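Chains as they are written, first to last, in the numbering used here: chain A, 3 to 392; chain B, -17 to 855; chain C, 39 to 272. Just below is one structure, and these are the notes that go with it.
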Amino acid sequence: MMMLGCMGRTAILMLALFVMGWWLGEPAVSRAEDPDYPRITGPCNCHFPKDHGPHPDYKTEWWYYTGNLKSVDGRRFGFQLTFFRSRVLPPGAEASWPDPKSAWRAPQVILAHAALTDIDGKRFLHAEEMARAALGMAGASIEPATGAVDIFVKDWRVRITPETHELRAAADDFGLDLDALPERPPVLHGDAGYSLKGSTPERSSCYYSFTRLKTTGDIILNGEALPVTGESWMDHEFSSAPLEPGIAGWNWWSIQLANGSDLMIYLLRKSDGTFHPASGGTLVDARGKAVHLGADDVRAEATGSWKSPHSGAVYPERWKIFIHPKAGDKELSLTVAPNLQDQEMRTPGTTGVTYWEGSISVEGSMNDAPVKGVGYMELTGYEKAFDAPM
Amino acid sequence: MRQFTLFLRLFNWFTVRMLKRHRWRVLTVLLGISLGAAVFTSVRLSIGASLDAFTRSMDLIAGKADWTVTHHGGRVPEEFVAPLLRAPGVAAASPILTAYVHPAEDRGSESGMEAPPFLLVGIDPILDRAVRSWGVEGGGPGRISGGTDLITDPGAILIGKPLAELLRLKTNDRLPLERLRSAQKFRVAGELTTEGLGLAEGGKIAVADIATLQEFTGLIGVVDRIDILLKPTATKQDVERIRSLLPPGVVLERPSEARESGKMMIRSYRLNLSVLSFVSLFVGMFLVYSLIALNARARRRELAILRSIGATPRMIFLLFLTEGGLFGVFGWLAALPISTFMVRRLLSGISGAISHLFVRVSIDRLNLDPWEIALSLAATTGISALAAYQPAREAMRASPREAIDAEGGDGAERTSPRRLAALGALLIASVWPISRAPSPPELPLPGYIATFLLFSGFSLLSPWCLQFVGTRVPPLLRRIQGEPAYLAGRYVRDAGTRTAISVGALITAMALFTALATMVHSFRKTVDNWANESISGDLFIRHQMSETNQYRDPLPEEVVRKLIEIRGRGGVDILPYRRIPLRFGGHPYHYEALDMDVFRRRSRFLFVRGDAARALEKLARGEGVLASEVFASKTGLGVGDRYRAVVEGVAIDLPIVGIARDYRTQGGVVWHSLRALEALTGKREWTGARMFLSGSTEQERSAATENLRSELIRDCAERYPVAVTTGKDLRGEIMRIFDETFAVTTVLLLIALLVAALGITTTLTLLVIERKRQLNTLAAIGAGRNQLRSMILWESLLMVGVGEAVGLACGFALSYILIFVINRQSFGWTFIYSTDWSSVLMSLPLILLTALVAAIPAIRLVLGYSPAMALKE
Amino acid sequence: MNASPGAAPLIEAKGLTRTYRMGASNVVGVSGIDLVVASGELATLKGASGSGKSTLLALLAGLDQPTSGSLTVAGNDLQKATEAELTRYRRDVTGIVFQSFNLLPTLTVLENVCLPALLAGKPYEETRSKASGVVEWLGLRERRDHLPSQLSGGEMQRTAIARALINDPRLLLADEPTGNLDSRNGAIVIELLAELNRASGRTVVIATHGDMADAYATMQITLKDGAIHKILRK
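Shown next as structure tokens:
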């Protein structure tokens, strides 16, 4: 079990929760919590494959895949495919629906983001989809018999079976058709998945990851299918609690080192620029043992930035990260560089949020031994602070 | 250039100064012209606004859609949305469900007037984003917060600003909408921004989640249509593949088709009304003609002088032609304020008529289309110049010799009344064959041409008639009324074409009035008769707001069962029917399947063609169909031709066995046997039913009707969206709609009548003025004031008499053309000819009075001259 | 200047005839007129009413065309002339003064005088100053901007004369110019016409009943029943 600490993979949690709050029309930061939704206040008791499936009573949930791929001729790609489930009405609200009711009345909306970074071609493509979970347009479900999980919106989907994760997405100018096989068992963050993300116990989620998935399949670019292989990272998290006030955004990294270690770091940025004490991360060793990292265990310095010509936001894209966990004996010193400067996601059609999410290359040393790796970095809150009035 | 300045100078010296001297005459003529021009302009602007509003609304509602999936006469099952979303080449697919809804009573009374129905649009805010543009006031870019409210709150709607103003609503107010017997309260979640959907229907629109609309209307499981936006890379094969996904009956078509057929109907209506309003302008011609002709005649001497000092005939011609044109221009300018006033009044009448007749329009603004302005200016100036043409030509012929007072002809009449009458008779004779000529669709061009020929022909007859009356009548008159009356008769005989103009105006007025009275009377009587015969029934039950929502929704199964149960009790005859709106070669019409057994017992078709008995037999057996007059005239099909259509997915191919009258709005009707339809489709679906109750006395029947009505309301209308109406109310409603529709036509003809009346007064006055020398001579040789007065009175009487008689004849002929030619060619229906004798006979003394009233200022003018004036000059 | 014998005659008529249709019958205006009038003559045209005076004058003025015979004035063949040619003739060659003045009632004195010149295409400013001169010469300066309705008979006739002169016509015709005037004004008008004949050598033909012009006339033409009765030369 991975203890990833209070925040853990809260990066995306916060993003998604914020996104949901945004979309719902209320600044998510201002509401403490919605009393009508079930809360997470203790160990999640995750059982698989059941908990790979949706937890429909909770407000927000997502299945999040990123990865670095190479084609046969050595071209490098990064990809992202995320499915969000958002519950727009508290459970029980359905009782007050009219009878007979329309088939369109559904409490769930499914959103999806997809992105492809053509590193050598210096191109970044992204797309989004959204539909309500009704009438076969979108859905999130689990087959009780086989345990297969299907999350889809229109013709994008992820299908999670005991064998593999099938990822499919088709946008106007690119497509993904990948199979990701978990190389390690899922890592539960926090206390059996219960991960705190704020100052009070209610601000929490259930959260686990597959830190390494061997990925094969095709990337469709310019109408042609390109066979690729590589490594992916998957996050699955659900919660009903919104973001804590005072947070301007966060920075998040997932890194897969060549020596078998995986690293996840999450830094919550306050409006004054300092990092919230709830920040932290997780370090997984080559055998799969996970160590939680607290805010004191991580030091990060931005060493270079890039200004987006699209949105005008300035993203700190180059970092020096120092990990010195109190527990355990690993010491990491890493330099992080983006594989392409412009990997800015703009999603006006679904969440309205603009953030940077892209493939990175990493090198440095672990316990004085040189290490190299790949991964993904996410930078949010640089276009507008999250609690800025709209 | 010098020629031009010379002309202008001469025009000013000669024409303008003279016009300034006779202000009253000039103003009267300008008034007449301006009325005509105002009517013409207002009508065109009003219809233009309707056309504009309709097109814009359709476009705004259609959004960016490339294609649309639709089911004519029905709705599209919602399960096709997902497959369409996944189809290759499809960038976005958005289902849409619309219904016209009524604010519930208490809301209406709050604002002090009956709130009209408005369009409620149901969409999926998520899917719709790519297809239609709309926004919520106060929402930021990228935020569709109002959109989510729609999804999460089953009672949330967004309303357009104009609607918010009309119903006095703010965000978070409650708006109850009529549903079944109660009102469902909606919450105003926000206001629509002024773009896209927020502008459609003049802004009197509301948006709700599609789920909300389905639940409110009871239309669970279906949508109106699915609008599709293709990817830029989509190919023809992609389009075909989309088509192949659809079940039979559901088609893929361009969104513009519905819009284009609506536009076509409005455009043809515009042409019809334009011509009608043109009559007012045309009648104004008389005024210009008479004034300019008077000027030319009175100043003949001056014209001779001009010629004698070197003016060319062309210059003189242009002087008068320009005078005419000037009247046109100034008349048009004077029309502008009148138009402003008129348009406001006409706008609601015309948009109402169009909404009843063709498609719903809701006008929010008036476009001042520069082309329309130019057209009305051109028409007015053209008409006036045309009116001046003949006097100008006549003036051109002024011989310079006349300047010298030489002996010789003194401008004797060029054309004899006999020749004119012959020409007139020829024109009148040509009216019949021309009116029978085939007309372009929906534009009764031959009818209009025939009308103008009729007016011209009868007007040309008048000199001869006057001559006839003037010859025969005076000897009689002398015996009755003495010398003045005799002189009056002689004058009438000899004055020839001069008086013919006055009489022409009279004939026009009389004819218009007679024709109008006859047409309206015929029409009303026919429709009333038809309503009582063919739309018989004591109670009617159908889907709520079925007309406005185009009869697409059948009665719920439970209601049908209830009706069958009622039938089983006995004492009540139930006549169910299924009505489906379809299109035949682009023409919208209704297909109606009736229970023929009950129909034959209880109701009647008013046959226009075909053997009634045999046709009904075949109809009852399902071996043929009956077509309405309108359907037959629009499609060109007749008795014996085959009717082919696809109804509810089933092909029908049957002969037409008869043509019957029908005055429903929105196209023609084809009748079929309900039993035959049910056998073909295997479905029992009723759009509605008529109920006939028995009872030996009127009272018994009413009581039974009332009881049954209460029962139906209690058992059906409470739970299902149906409306139960008494036959009396329904037929009253039909008459009211027709009255409203024809109100516009009536107004137009009345205005033309007014202009004609003005024409009469002006021309009579001018006639008298022209003769002042003669009258003064008479006074000088001893005629007393009373005798002069009497003479003029008799002249007026004789002229008016001739005018009314000829006008009456012309009017009857005109009414015939209006009813059997113009109406038939523009709308497709005919009426049973019926004259309103009381109105016509009453009009005779009224018009006589108008003419006599005109004589009064003339008389005063005459008697104001002193006899000594006869000696001067 | 008096007539100079041997110069080409201004007016030459041979067998000049003009008949009208009135209803069903033919009325003879003039018939078989042979006439020669030299340039510079002042001729009086006499005869009872109905003798054809007005007809002959109308023909000379180009207001009417002969039915048969020939009529040449200042080299213009009036018998063959087209409507346009006649218009030009009336404008440029003759000036006519009527019995009933025939001024245009909506034009001022000055405007009436300018009109023939403007119709001939002359520029406005130039015409105006010329007309002003003529109007002044005729003693109408204070009446320049008055309408005919504000003038006395004599003033109206003088205006008419001014108008007849504006285009420098070779032939000046007058139809009973004194008919509507009192004797004093009549005398003034005759004197003016005589002055114009004397001073500029203009040919003048006056149709008149009375004998006021006899003193100045160089020839006297008498008509009877549409034909020449006698011609007297001084």
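By construction, the Cβ of each residue, glycine as well, lies at the ideal position given by its N, Cα and C atoms. The structure displayed is predicted, hence computed values, not measured ones.
Can you tell me which residues form a DSSP beta bridge with Ser367 (chain A)?
For the purposes of this step, residue 367 (chain A) is identified with residue 365 of the first sequence, where counting begins at 1. BP columns for Ser367 (chain A) point to A:Ser335, A:Pro372.
Is it the case that the Cβ atoms of Val72 (chain B) and Phe62 (chain B) are separated by a distance below 8 Å?
Here residue 72 (chain B) refers to the residue found at position 90 when the second sequence is read from its first residue. Here residue 62 (chain B) refers to the residue found at position 80 when the second sequence is read from its first residue. Not in contact: Val72 (chain B) and Phe62 (chain B) (Cβ atoms no closer than 8 Å).
Quickly, what does DSSP pair Cys208 (chain A) with across the bridge? List them, please.
Here residue 208 (chain A) refers to the residue found at position 206 when the first sequence is read from its first residue. Residue pairing of Cys208 (chain A) in beta bridges, as defined by DSSP: A:Tyr196, A:Phe240.
List the endpoints of the continuous beta strand (DSSP E) containing Met347 (chain A).
Along the first sequence, read from residue 1 onward, the residue named residue 347 (chain A) stands at position 345. 346 to 349 is the extent of the beta strand (DSSP E) around Met347 (chain A).
Within 8 Å of any Cβ in chain B, is that where the Cβ of Lys156 (chain A) sits?
Position 154 of the first sequence, counting from 1, holds the residue named residue 156 (chain A). So yes, Lys156 (chain A) belongs to the interface.
Using CA coordinates, which residue listed in B:Leu79, B:Ala81, B:Arg249, B:Ile78 is at the minimum distance from Arg901 (chain B)?
Summary: the structure shown does not reach residue 901 (chain B), with chain B confined to residues -17 through 855, and so no result is reported for it.
Can you give the Cα-Cα distance for Met717 (chain B) and Ala725 (chain B), rounded to whole angstroms?
Translated into positions along the second sequence, residue 717 (chain B) becomes position 735. Translated into positions along the second sequence, residue 725 (chain B) becomes position 743. Rounded to whole angstroms, Met717 (chain B) to Ala725 (chain B) spans 12 Å at the Cα level.
Please state if the CB of Leu159 (chain B) and the CB of Trp116 (chain B) are separated by a distance shorter than 8 Å.
As a working note, residue 116 (chain B) is residue 134 in the second sequence. As a working note, residue 159 (chain B) is residue 177 in the second sequence. Here Trp116 (chain B) is not near Leu159 (chain B), since their CB atoms are 8 Å or more apart.
Hey, quick one: how far does the beta strand (DSSP E) through Arg856 (chain B) stretch, first residue to last?
There is simply no residue 856 (chain B) to check, as chain B begins at -17 and stops at 855 in what is shown.
What residues from chain A crowd round Gln219 (chain B), counting only those whose CB sits closer than 8 Å?
Working through the second sequence from its first residue, we reach residue 219 (chain B) at position 237. Residues of chain A passing the Cβ test: none, with the nearest at roughly 15 Å.
Considering only residues of the same chain and omitting the five flanking positions on each side of Lys91 (chain C), which have a CB-CB separation below 7 Å?
Numbered from its first residue, the third sequence carries residue 91 (chain C) at position 53. A distance below 7 Å between beta-carbons, with the five flanking residues on each side excluded, links Lys91 (chain C) to the following residues of its chain, in chain order: Leu83, Gly85, Ala245, Leu261.
What residue range does the beta strand (DSSP E) around Pro77 (chain B) cover?
One-based indexing of the second sequence puts residue 77 (chain B) at position 95. Segment 72 to 83, the beta strand (DSSP E) holding Pro77 (chain B).
Met347 (chain A) burial status per 10 Å Cβ neighbour count (16 or more: buried)
Here residue 347 (chain A) corresponds to residue number 345 of the first sequence, with the count starting at 1. Counting Cβ neighbours within 10 Å, Met347 (chain A) comes out buried, since at least 16 surround it.
Just checking: is the beta-carbon of Ile287 (chain B) within a distance shorter than 8 Å of some beta-carbon in chain C?
Within the second sequence, the letter at position 305 stands for residue 287 (chain B). Taking 8 Å as the threshold, the shortest C-beta distance from Ile287 (chain B) to chain C falls below it.
Given a limit of 8 Å on CB to CB distance, which residues of the stretch 269 to 284 of chain B reach chain C?
Within the stretch 269 to 284 of chain B, the residues whose Cβ lies closer than 8 Å to some Cβ of chain C are Arg283, Glu284, listed in chain order.
Applying the 10 Å Cβ sphere with the 16-neighbour rule, what's the burial state of His278 (chain A)?
Within the first sequence, numbered from 1, the residue matching residue 278 (chain A) stands at position 276. Its Cβ being crowded by 16 or more others within 10 Å, His278 (chain A) is buried.
Extent of the continuous beta strand (DSSP E) to which Tyr268 (chain A) belongs
The residue you call residue 268 (chain A) lines up with position 266 of the first sequence. Where Tyr268 (chain A) is concerned, the enclosing beta strand (DSSP E) stretches over 264 to 272.
Under DSSP, the beta strand (DSSP E) around Gln258 (chain A) begins and ends at which residues?
Numbered from 1 along the first sequence, position 256 holds the residue referred to as residue 258 (chain A). It spans 249 to 259 - the beta strand (DSSP E) in which Gln258 (chain A) sits, taken as one unbroken run.
Near Lys46 (chain B), what residues of its chain come up, given a Cβ to Cβ distance below 7 Å and the 5 sequence neighbours on each side ignored?
Here residue 46 (chain B) is taken as the residue at index 64 of the second sequence, counted from 1. A distance below 7 Å between beta-carbons, with the five flanking residues on each side excluded, links Lys46 (chain B) to the following residues of its chain, in chain order: Val113, Leu211.
Listed from N- to C-terminal order along the chain, which residues in the stretch 149 to 170 of chain C have their beta-carbon within a distance smaller than 8 Å of any beta-carbon of chain B?
Of all residues in the stretch 149 to 170 of chain C, Glu149, Leu153, Pro154, Leu156, Leu157, Ala158, Gly159, Pro161, Tyr162 have a Cβ within less than 8 Å of some Cβ in chain B.
Should Gly310 (chain B) go down as buried or exposed, given a rule of 16 or more other Cβ atoms within 10 Å for buried?
Counting from one through the second sequence, the residue named residue 310 (chain B) turns up at place 328. By the neighbour-count rule (16 or more Cβ atoms within 10 Å), Gly310 (chain B) is buried.
Any beta carbon of chain C sitting closer than 8 Å to that of Leu828 (chain B)?
Locating residue 828 (chain B) in the second sequence gives position 846, where the first residue counts as 1. With 8 Å as the cut-off, Leu828 (chain B) does not count as an interface residue toward chain C.
Measure from the alpha carbon of Arg582 (chain B) to the alpha carbon of each residue in B:Val590, B:Arg565, B:Arg603, B:Ala762, then state which is nearest.
Translated into positions along the second sequence, residue 582 (chain B) becomes position 600. Measuring from the Cα of Arg582 (chain B), the nearest candidate turns out to be B:Arg603.
Is it the case that the stretch 60 to 73 of chain C contacts the stretch 216 to 227 of chain C, given that we only count it when at least three CB pairs across the two stretches are under 8 Å?
The stretch 216 to 227 of chain C and the stretch 60 to 73 of chain C do not touch, with fewer than 3 CB-CB distances between them shorter than 8 Å.
Taking only three categories from DSSP, how would you classify Ser93 (chain B)?
In the second sequence, residue 93 (chain B) corresponds to position 111, counting from 1. Its pLDDT being 47, under 50, Ser93 (chain B) is placed unreliably by the model, and nothing is read from it.
Taking only beta carbons into account, state which residues of the stretch 171 to 184 of chain A come closer than 8 Å to chain B, listed in chain order.
Asp174
Taking C-alpha atoms, which residue in B:Phe794, B:Thr322, B:Ala419, B:Ala20 lies nearest to Phe312 (chain B)?
Along the second sequence, one-based indexing puts residue 312 (chain B) at 330. Checked all of B:Phe794, B:Thr322, B:Ala419, B:Ala20; the closest Cα to Phe312 (chain B) is B:Ala20.
Mind checking whether Phe81 (chain A) and Leu118 (chain A) have CB atoms under 8 Å apart?
Residue mapping note: residue 81 (chain A) aligns to position 79 of the first sequence, counting from 1. Residue mapping note: residue 118 (chain A) aligns to position 116 of the first sequence, counting from 1. Yes.
In terms of residue numbering, what span does the alpha helix (DSSP H) encompassing Met194 (chain C) cover?
Here residue 194 (chain C) is taken as the residue at index 156 of the third sequence, counted from 1. Counting along the chain, the alpha helix (DSSP H) containing Met194 (chain C) begins and ends at 191 to 203.
With 16 other Cβ atoms within 10 Å as the buried cut-off, status of Asp206 (chain C)
By one-based count along the third sequence, residue 206 (chain C) stands at place 168. The Cβ neighbour count for Asp206 (chain C), taken over all protein chains shown within 10 Å, is under 16; the residue is labelled exposed.
When you compare the CB of Gly296 (chain A) with every CB in chain B, is at least one pair closer than 8 Å?
Counting from one through the first sequence, the residue named residue 296 (chain A) turns up at place 294. Answer no: the Cβ-Cβ gap between Gly296 (chain A) and chain B never drops below 8 Å.
Minimum length 3: unbroken beta strand (DSSP E) runs contained in the stretch 155 to 182 of chain C:
none
Members of the stretch 67 to 101 of chain C near chain D, C-beta cut-off 9 Å
Although the question refers to chain D, the structure presented lacks it and instead comprises the protein chains A, B and C.
Answer with yes or no whether the minimum CB distance from Leu142 (chain C) to chain B is below 8 Å.
As a first step, residue 142 (chain C) must be located in the third sequence, where it is residue number 104. Output row for Leu142 (chain C): interface = yes.
Straight-line gap, Glu540 (chain B) to Arg666 (chain B) (C-alpha atoms, nearest Å)
As a position in the second sequence, residue 540 (chain B) is number 558, starting the count at 1. As a position in the second sequence, residue 666 (chain B) is number 684, starting the count at 1. Each residue's alpha carbon lies about 12 Å from the other.
Is Thr68 (chain A) buried or exposed, if buried means 16 or more other CB atoms sit within 10 Å of its CB?
The sequence position of residue 68 (chain A) within the first sequence is 66, counting from 1. By the 10 Å Cβ count, Thr68 (chain A) comes out buried.
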